[in-house]
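Residue numbers (UniProt numbering): 1 to 85.
Ideal Cβ positions, reconstructed from N, Cα and C, are used throughout, including at glycine.
All figures in this text were calculated on a predicted structure; none of them were measured in a lab.
To keep things clear, I will list the structure first and then write my remarks on it.
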């Protein structure tokens with residue numbers, strides 16, 4: 001967590017450690033979806049379906065398989081698991 005006014009790090013866990021790009025992608029996707037849900041909360045119940053490409057992505061740890069569906073809201077909880085390592 002960084003103070004945007006000063007640029008000073010306020011808190012962090014292994015903040016200097018190198019991270020795979022996938023973690024950054026998950027964080028940005030979750031952030032964008034959360035912002036969208038602020039404007040249109042009804043979208044939280046919309047259903048997402050896992051693609052074969054997504055299922056075959058190296059490093060995917062969601063446990064959701066090709067063809068399986070889940071609500072947008074639940075997909076955010078799955079993205080959160082990437083940050084609990």
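With a threshold of 16 other beta carbon atoms within 10 Å, residue 26 meets it and is buried. One Cα belongs to residue 30, the other to residue 76, and the distance between them is close to 6 Å. For the pair residue 4 and residue 46, the CB atoms are not nearer than the 8 Å cut-off. With contacts defined by Cβ atoms closer than 8 Å, residue 48 and residue 69 form a contacting pair. Annotation for residue 6: no beta strand (DSSP E) segment contains it, and DSSP assigns it neither H nor E. Bridge pairing for residue 70: 48 [DSSP]. In this structure, the CA atom of residue 8 is about 25 Å from the CA atom of residue 34.
Annotation for residue 11: 1 place their beta carbon closer than 8 Å to its own, counting only its chain and skipping 5 residues before and after.
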